[in-house]
Structures are given as C-alpha cells and as structure tokens.
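Trainee: Shown below is the structure under consideration.
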Amino acid sequence: MSDQHTDCLFCRIVRGEIPAATVYRNEYVMAFRDITPVAPEHVLIIPIKHIATLNDLTPEDEAIAGQIMLAAGHVAGILGIRESGYRFVFNNGRDALQSVFHIHGHLVGGKTMGWPPFPGIAREHG
Numbered sequence: 017m018s019d020q021h022t023d024c025l026f027c028r029i030v031r032g033e034i035p036a037a038t039v040y041r042n043e044y045v046m047a048f049r050d051i052t053p054v055a056p057e058h059v060l061i062i063p064i065k066h067i068a069t070l071n072d073l074t075p076e077d078e079a080i081a082g083q084i085m086l087a088a089g090h091v092a093g094i095l096g097i098r099e100s101g102y103r104f105v106f107n108n109g110r111d112a113l114q115s116v117f118h119i120h121g122h123l124v125g126g127k128t129m130g131w132p133p134f135p136g137i138a139r140e141h142g
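For the sequence shown, the working numbering gives the first residue as 17, with consecutive numbering after it.
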C-alpha cells in the first residue's frame with residue numbers, strides 16, 4: 017500500500033490500525049459508518065489510495081473516482097435507502113469544512129432531508 021500516508025486517519029483505517037464499522041470494501045474504495053452521524057444512516061466512502069482533496073485527483077485516478085460514485089448506490093442498497101433517497105456530499109478544502117484531508121463522500125439518508133444540506137453548520141472566518 018505505497019499510496020498510503022502513515023499519519024492520515026483514513027489511511028490508518030484502511031490499513032486496519034484503527035477500527036471502523038465497515039459497510040463495503042473493494043480494491044478501490046472503502047465505506048464505513050461515520051462516528052458522528054448527522055442522519056440515521058451516515059457512511060463515509062473513501063478511496064483506498066490516499067488523495068488529499070478533490071483538487072488532487074488526476075486523470076490516472078478516473079477509475080477511483082468512478083468507483084467512489086458507483087459505491088454510493090451500492091452502499092445505499094446495503095443500507096436500505098437506495099429507493100427512498102439519500103444525499104452524497106463532498107467537502108473540499110478548509111472553507112468547505114473538510115476535516116480529514118483524504119477525500120471522502122458522506123452518504124446520508126434514512127430520513128427526509130432538508131435544505132440547506134446541513135443547517136446550523138457554520139464557521140467564522142478570521
């Protein structure tokens with residue numbers, strides 16, 4: 017796993033150094049339950065390869081990006097929310113409140129969603 021970073025939280029989860037409630041995994045992606053869920057179903061879908069932000073994706077990562085998107089529908093099926101609906105959200109960069117710099121999509125569902133997606137989340141800019 018040369019595409020891993022030793023100090024990255026999600027890379028450590030991929031390697032099994034930190035336990036996670038895994039929902040799905042293949043050679044490209046891993047999906048596991050968020051430890052601070054915002055909905056009854058809240059799963060993070062991450063690439064196995066360390067990629068810090070969406071801006072760091074390259075043409076060589078096209079298969080990985082596609083696998084992340086395909087995993088969303090598959091995981092929604094596992095969770096039983098594929099037909100009722102779900103939201104798949106990426107936070108990219110500090111102003112978007114990306115807290116772990118290893119790309120990850122938040123798949124959330126299991127309830128009727130409102131808009132904006134996460135009301136009440138704000139951060140002062142200084």
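Virtual Cβ for every residue (Gly too), placed ideally from N, Cα, C.
Closest to N107 by CA distance: which of I61, C24 and T22 is it?
Mentor: Mapped onto the sequence shown, residue 107 falls at position 91. Residue I61 is the option with its Cα nearest to N107.
Trainee: Once you ignore the five residues that flank I94 on each side, which residues in its own chain have a CB closer than 7 Å to its CB?
Mentor: Taking the first residue of the sequence shown as 1, we reach residue 94 at position 78. Counting only Cβ-Cβ distances below 7 Å, and skipping sequence neighbours, we find V39 and Y40.
Trainee: Out of A37, L123 and I64, which has the shortest C-alpha to C-alpha gap to G96?
Mentor: Translated into the one-based positions of the sequence shown, residue 96 becomes position 80. Answer by Cα proximity: L123.
Trainee: Find out if the Cβ-Cβ distance for the pair G147, R103 is shorter than 9 Å.
Mentor: Only positions 17 to 142 of the chain appear in this structure, which leaves residue 147 out of reach.
Trainee: Using the beta-carbon count (16 or more within 10 Å), is V30 buried or exposed?
Mentor: For this step, residue 30 is matched to residue 14 along the sequence shown. Its Cβ being crowded by 16 or more others within 10 Å, V30 is buried.
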